[in-house]
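A short write-up of the structure that comes next.
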Amino acid sequence: MNNTQYLAYSDQSIYRFSKLQDCMGAKLFKSVLLYQGENVNKPFLDILNQPSFTLFQIKAYRGILLALEIKERKKSSEKV
Numbered sequence: 001m002n003n004t005q006y007l008a009y010s011d012q013s014i015y016r017f018s019k020l021q022d023c024m025g026a027k028l029f030k031s032v033l034l035y036q037g038e039n040v041n042k043p044f045l046d047i048l049n050q051p052s053f054t055l056f057q058i059k060a061y062r063g064i065l066l067a068l069e070i071k072e073r074k075k076s077s078e079k080v
């Protein structure tokens, strides 16, 4: 692979990861909060800054993102 191909691969990976994060924030994360009885009819930063939002919830969200990132890396390495 030459530099142009590496650049294209990197660009595509960054784009897909950012789309994944957007989807997680918009859908999955809010669904988890709804299940826990939280009010999610606010901007995302307001949800994160509310006093009832615990450190455990933040760590769980980061864990979900990490697991999905590992899964995506595994898929992309299998394609090569």
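The opening residue of the sequence shown carries number 1 in my numbering; numbering runs sequentially from there.
The beta carbon of each residue, even a glycine, is placed where N, CA and C say it ideally should be.
Measuring only the C-alpha atoms, how far is residue i from residue j?
i, j, result
"Leu20", "Leu34", "20 Å"
"Ala8", "Ala67", "24 Å"
"Tyr61", "Leu48", "11 Å"
Helix, strand or coil for residue i, going by three-state DSSP, please let me know.
i, result
"Gln36", "coil"
"Gln50", "coil"
"Asn3", "helix"
"Lys74", "helix"
"Lys42", "coil"
Which same chain residues end up closer than 7 Å to residue i when comparing Cβ atoms and leaving out the 5 residues on each side of it in sequence?
i, result
"Ser31", "none"
Just to confirm my understanding: we take residue i, look at its own chain, exclude 5 residues before and 5 after, and list those with CB closer than 8 Å. What are they?
i, result
"Leu28", "Ile64"
Out of the options, which one is the CA nearest neighbour of residue i?
i, options, result
"Glu72", "Leu45, Asp22, Gln36, Arg16", "Arg16"
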